[in-house]
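K.L.:
When you line the sequence shown up against the numbering used here, it's residues 2 to 490, in that order.
Quick reminder that beta carbons are idealized off the backbone N, C-alpha and C, glycines included.
Keep in mind the model is a prediction, meaning the values are calculated, not measured.
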Amino acid sequence: MSRPARDPIPAASPTPTPKGVGRGFAWLLERSDVRLGPVAQFAAATGVVLVGTIVAVLLYQLVDLTRLAIFFLGSVIVCALLFGRRPGVFAAFLAFAAYNFSLVEPRFTFRLVGAEDLLTLAAFLIVALSIGGLAGRVRDSERQARMRADETDALLEASRAFGDAVDVDAVALDLQSRLSAIVGGDAVVADAPPPAGWRSRALSRDPSALVAAWRPGAAAGADAARQDRLCALMIDLASAAVNRIHLVDVRTGLEAEARAGRLRDAILSSISHDLRTPLATVLASASSLQEYGDRFDLKTRDDLAGVIVHEADRLNRYVERLLDLSRIQAGQVAPRLEPTSLSEVVDAAVRRLPARAETAVHADALDAAPPVLADGKLLEQAVFNLLDNALNHGGDGVRVEVRTRREGDAVILLIEDDGPGVEDDELADLGRKFHRGRRRPPGATGAGIGLAVVKGFVEAMGGALDFARGQDGRRGLRAGVTLRAAEAA
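#1: Secondary structure at Pro88, three-state DSSP: helix, strand or coil?
#2: Whose C-alpha, out of Phe73, Ala487, Val347, Thr360, is nearest the C-alpha of Asp368?
#3: If you measure between the beta carbons of Arg140 and Gly85, is that distance less than 7 Å?
#4: Is the separation between the beta-carbon of Arg485 and that of Leu374 shorter than 7 Å?
#5: Pull up the distance between the alpha-carbon of Gln291 and that of Ile309, whole angstroms please.
#6: If you follow the alpha helix (DSSP H) that Phe458 is part of, which residue opens it and which one closes it?
#7: Where are the beta strand (DSSP E) runs, 3 residues long or more, that stay fully inside the stretch 351 to 376, in chain order?
#8: Hey, how far is the Cα of Arg406 from the Cα of Arg245?
#9: Going by the beta-carbon positions, is the gap between Gly133 and Ala93 smaller than 7 Å?
#10: I'd like the list of long-range same chain contacts for Gly481, defined as Cβ closer than 6 Å, with 5 residues on each side in sequence excluded.
#11: Closer than 6 Å by C-beta to Cys80: which residues in its own chain qualify, once you throw out the five before and the five after it? Chain order, please.
#12: For Asp187, list the residues DSSP reports as bridge partners.
#13: Quick check on the burial criterion: 16 or more other C-beta atoms within 10 angstroms. Buried or exposed for Phe72?
#14: Roughly how many angstroms lie between the CA atoms of Gly1 and Ala356, to the nearest whole one?
#15: Mind reading off the beta-carbon distance from Asp418 to Gly395? Whole number of angstroms is fine, and I expect it under 8 Å.
#16: Are Ser240 and Leu204 closer than 7 Å when you measure CB to CB?
#17: For Val243, which three-state DSSP category applies?
#18: State yes or no: is the C-beta of Arg476 within less than 7 Å of the C-beta of Ala469?
#19: Please classify Ser286 as buried or exposed, where buried requires at least 16 other C-beta atoms within 10 Å of its C-beta.
#20: Taking the C-alpha atoms as reference points, what is the distance between Asp175 and Asp187?
#21: Taking Asp510 as the reference, which of Ser103, Gln228, Pro217, Pro372 has the closest Cα?
#22: If you draw a straight line from the alpha carbon of Val320 to that of Gly307, how long is it in whole angstroms?
#23: Roughly how many whole angstroms lie between the Cα atoms of Ser160 and Ala242?
#24: Where does Thr110 fall in DSSP's three states?
#25: So the candidates are Asp410, Val249, Ala335; which of them puts its Cα closest to the Cα of Asp165?
#26: If contacts are defined as beta-carbon pairs under 8 Å, then Val190 and Gln177 qualify, I think. What distance do you get, rounded to the angstrom?
#27: Smallest Cα separation from Phe385: which of Val403, Pro372, Gly254, Pro336?
#28: Cα separation between Ser209 and Val184?
#29: What number of angstroms, rounded off, separates the C-alpha of Ala313 from the C-alpha of Val172?
#30: Kindly identify the DSSP beta-bridge partner or partners of Pro340.
#31: Need the endpoints of the alpha helix (DSSP H) that Ala46 sits in, please.
#32: Within this structure, are the beta carbons of Trp199 and Arg179 separated by less than 7 Å?
#33: With respect to the beta strand (DSSP E) encompassing Leu478, which residues constitute its N-terminal and C-terminal limits?
#34: Taking Ala411 as part of the beta strand (DSSP E), name the residues at either end of that continuous run.
#35: Would the beta-carbon of Met462 fall within 7 Å of that of Pro371?
#36: Per the DSSP calculation, Thr405 is bridged to which residue(s)?
Here's what the structure looks like:
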């Protein structure tokens, strides 16, 4: 993989210093930093001393001044501040020789005529060496401090970027770009062996792990060791990010497996109860009819046959809901959206309910409701599940009201019962798979699948399902199915 190199790592902002001379000196050091090779530094130091010598000689000739050592010392300070300690010491010796040659009598010779000249030159040399060494050390320390600050900023930025990464390939591309910027040359991060002659380091001990390789640019020089160290630290950060991503993937897989295990347990528990009960009832009734049918009177045989039909219908609805839930989870629900009459859908759903639904369910002016954009079969099944849930959990004598409300481009189908309802903290759990309310009346059946199917069907049609307490805060449960009006499509 390849990626264009980033711009070189920018210099860090200087560390704040006290006001006044300290801050001005730090500013001067930062602005006057000249990066040259060793030979160029010594050549430049020679030029600075030569300029100082020419100025001193001109002043000596024009105004007949003899105390001009400050110009030679100044050139030493300039060299030390610009180029560092070694060029500063070199400039001190050059300034000493230039001062002796150009200003000390006899001029333009290196011969000394007295002890006073010897002492003066010795003091000059000591002062020049001291100033050059100290000023150069300040320059070198300032360079090292700024270099460490640059490295720290680069590592901090990389740590933040790698910490936010969620993909191993993204980490590899980012690391490759940063390594290329550090060395000023080529870099590559791949799972193949590094090219011959390149420096390399694996991101982990795993034999199949990615390998980072880099080749310093032509201008690396003495900075090669520093670059290698910074590259190693950068690779360590990327390695930590890759390991974190792998751990997150493993954790996600374990959590998904745990959730799947809990879902399997819930399904098995539900099946063991909600399938076994109607099956046992059907089996008992059928076997009784088979073995003792001729001994039962007509009413008893009709009652047993009615129990078989009722429990078989209950079993059939449960299996249908399990199949619907599996279709939703598999993403196989593909609704055909078309203008649909809510009145026709509700009538069809009511006809599928037990006989008592005819007196328990009250529809309010559904004929005036505008058509909605929905799949008629899916919407009928969703309404059937909501009505069946209200009748099943509302208890004897429950009243279920069905009405609509228009809100902008949407139509809301409201199904409200006056049963015991649910606790406020349970409203958010309605529609979750295998959730059963805590206020279930005696004899209520169901495995907590019906409302989950409703939610899946409604959302597949681009609608929304919500639950609330009864109107005006009264007891009971109100379900709202929000769908888009067909005329607004």
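P.N.:
With the given structure in hand:
#1: helix
#2: Val347
#3: yes
#4: yes
#5: 13 Å
#6: 451 to 461
#7: 362 to 364, 373 to 375
#8: 51 Å
#9: yes
#10: Ile413, Leu415, Asp467
#11: Ala46, Val49, Pro88, Gly89, Ala92
#12: Arg216
#13: buried
#14: Only positions 2 to 490 of the chain appear in this structure, which leaves residue 1 out of reach.
#15: 5 Å
#16: yes
#17: helix
#18: no
#19: buried
#20: 14 Å
#21: No answer is possible for residue 510: it lies beyond the span of the chain, which begins at 2 and ends at 490.
#22: 20 Å
#23: 9 Å
#24: coil
#25: Val249
#26: 4 Å
#27: Val403
#28: 26 Å
#29: 58 Å
#30: Leu374
#31: 39 to 64
#32: no
#33: 478 to 485
#34: 411 to 418
#35: no
#36: Leu414
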